[in-house]
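So the structure is just underneath, and the comments pick up after that.
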Amino acid sequence: INLDTLMIAGKVRADNILVDGLDLTAFRDKKQTDKPYHYLPFPQMALKNLELNIKIDSVNIQNAKIKYEEHSEITNKMGAVFFTKMNGTIYNITNDSLTYLTAPLATMKLNTKLMGKIDLNVDFGFNLINEYGDHWFNGSVKGFDMTLFNPVCEPLSAVSIRSGKVERIDFNVRLNDYVSDGTMTFIYSDLKIDLLDKVNSKNKKINKKVIGFLANSFVVKKSNPSGKREPRIGIVHYKRLKEKSMFHFWAKSLLSGVKSTLITMEENK
133 INLDTLMIAG KVRADNILVD GLDLTAFRDK KQTDKPYHYL PFPQMALKNL ELNIKIDSVN
193 IQNAKIKYEE HSEITNKMGA VFFTKMNGTI YNITNDSLTY LTAPLATMKL NTKLMGKIDL
253 NVDFGFNLIN EYGDHWFNGS VKGFDMTLFN PVCEPLSAVS IRSGKVERID FNVRLNDYVS
313 DGTMTFIYSD LKIDLLDKVN SKNKKINKKV IGFLANSFVV KKSNPSGKRE PRIGIVHYKR
373 LKEKSMFHFW AKSLLSGVKS TLITMEENK
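Sequential numbering of the sequence shown, starting at 133, is according to my numbering.
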């Protein structure tokens, strides 16, 4: 960081910042009542509104770990999604109006191990001057065994994956402060799931009704593509809950693409 510029002009200037060994855990307990509505702007929107003038050419992230845990009302258990060996670079972090004229876009490239084993590569772009927080991301996931997600699916949704092989996942998503839209190509085979009957005893009758409804209302496709047909293209679409974080928005957007690929509604039940 250029200390002279900071002390004399009150501006933050840096060529490169290294973040090494970041270990971050976030937790959500659905048993707790949500706090009163409080709008959460995207980080790039908050950056634009800061009084402190900032211009950082790049931030390098090395060997980071991120974990998100959530308590389920359905099973009364904890589920977690985690990322390890996260490495990447964020370019052009700024709210400087002169820089906006020639470089109005921040970009980020990340590679990580999802659930500690699955290769995930993602590219991001953030429009720094758009009032609606326009941004995008696209990425790819290499092949993996779907049972790796049972530590998430079983406690959070009372669903157990018995088998399933993913060949690849490719996604392309555009987002703003209101909605996300995009596509997902999710190629998989031999998917078999079970609906668990072990639910939170406090709400056992209610949750069994929910599970029964799911079992009778939805059909889970065993593979994509099916037979000799062309692969189904998943539709990403999610309306943002503005009191939730950007990461919540990203996750729900991707989940909408997964659901549209895996699940169809039964029409006559």
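All residues carry an ideal CB built from backbone N, CA and C; glycine is no exception.
- Task: Would you list, in sequence order, the uninterrupted beta strand (DSSP E) runs of no fewer than 3 residues that lie entirely inside the region 212-254?
- Result: Runs found: 237-246.
- Who does residue 159 pair with in a DSSP beta bridge? According to DSSP, which records beta bridges pairwise, residue 159 is partnered with 201.
- DSSP puts residue 149 in a beta bridge; with which residues? Paired residues: 191.
- Item | Minimum C-alpha distance to residue 193 - residue among 200, 148, 158 | Closest option to residue 193, Cα to Cα, is 148.
- From which residue to which residue does the beta strand (DSSP E) around residue 316 run? Under the DSSP assignment, residue 316 falls in the beta strand (DSSP E) whose first and last residues are 311-327.
- Message: Just to confirm my understanding: we take residue 305, look at its own chain, exclude 5 residues before and 5 after, and list those with CB closer than 6 Å. What are they?
- Response: Same-chain partners within the cutoff: 269, 312, 314, 368, 385.
- Give a yes or no on whether the C-beta atoms belonging to residue 195 and residue 219 are separated by under 9 Å. Yes, the Cβ-Cβ distance between residue 195 and residue 219 is below 9 Å.
- Task: Would you mind listing the beta strand (DSSP E) stretches within the region 356-395 that are 3+ residues and don't spill past its ends, in chain order?
- Result: Counting only runs that start and end inside the region 356-395, the beta strand (DSSP E) elements of at least 3 residues fall at 365-371.
- Query: With C-beta atoms as the reference, is residue 221 less than 9 Å away from residue 235?
  - Reply: Cβ atoms of residue 221 and residue 235: not closer than 9 Å.
- Message: By the three-class DSSP mapping on this structure, what secondary structure does residue 286 have?
- Response: Helix, per DSSP.
- DSSP puts residue 267 in a beta bridge; with which residues? BP columns for residue 267 point to 258, 307.
- Message: Using a 10 Å radius around the Cβ and a threshold of 16 neighbouring Cβ atoms, would you call residue 356 buried or exposed?
- Response: Its Cβ being crowded by 16 or more others within 10 Å, residue 356 is buried.
- Between 258, 271, 265, which lies nearest to residue 372 when the distance is taken from Cα to Cα? Checking every option, the nearest Cα to that of residue 372 belongs to 265.
- Item | Cutoff 8 Å; reference residue 390; Cβ partners in own chain excluding five residues on either side | Cβ neighbours of residue 390 beyond the five flanking positions: 316, 318, 366.
- Task: Report the rounded CA-to-CA distance for residue 276 versus residue 182, giving the unit in angstroms.
- Result: Each residue's alpha carbon lies about 42 Å from the other.
- Thinking residue 324 and residue 295 are a contact (beta carbons under 8 Å), I'd like their distance in whole angstroms, please. Contact annotation, residue 324 with residue 295: C-beta distance approximately 5 Å; criterion of less than 8 Å satisfied.
- Have a look at the DSSP bridge pairing and note the partners of residue 276. According to DSSP, residue pairing for residue 276 in a beta bridge involves 298.
- Message: The alpha helix (DSSP H) that contains residue 179, what's its start and end?
- Response: Unbroken alpha helix (DSSP H) run through residue 179: 175-180.
- Message: In whole angstroms, give me the CA-to-CA distance for residue 358 and residue 292.
- Response: Taking the CA atoms as reference points, residue 358 sits about 22 Å from residue 292.
- Message: residue 287 and residue 402 - do their beta-carbons sit closer together than 9 Å?
- Response: With the chain represented from 133 up to 401, any question about residue 402 goes unanswered, as that position is not in the structure.
- C-alpha distance - residue 233 paired with residue 260, whole-angstrom precision: Rounded to the nearest angstrom, the gap between the Cα atoms of residue 233 and residue 260 is 11 Å.
- Task: Within 10 angstroms of the Cβ of residue 388, are there 16 or more other Cβ atoms? Answer buried if so, exposed if not.
- Result: Residue 388 should be labelled buried.
- Pick from 153, 360, 327, 374 that is closest to residue 352, judged by C-alpha positions: Measuring from the Cα of residue 352, the nearest candidate turns out to be 327.
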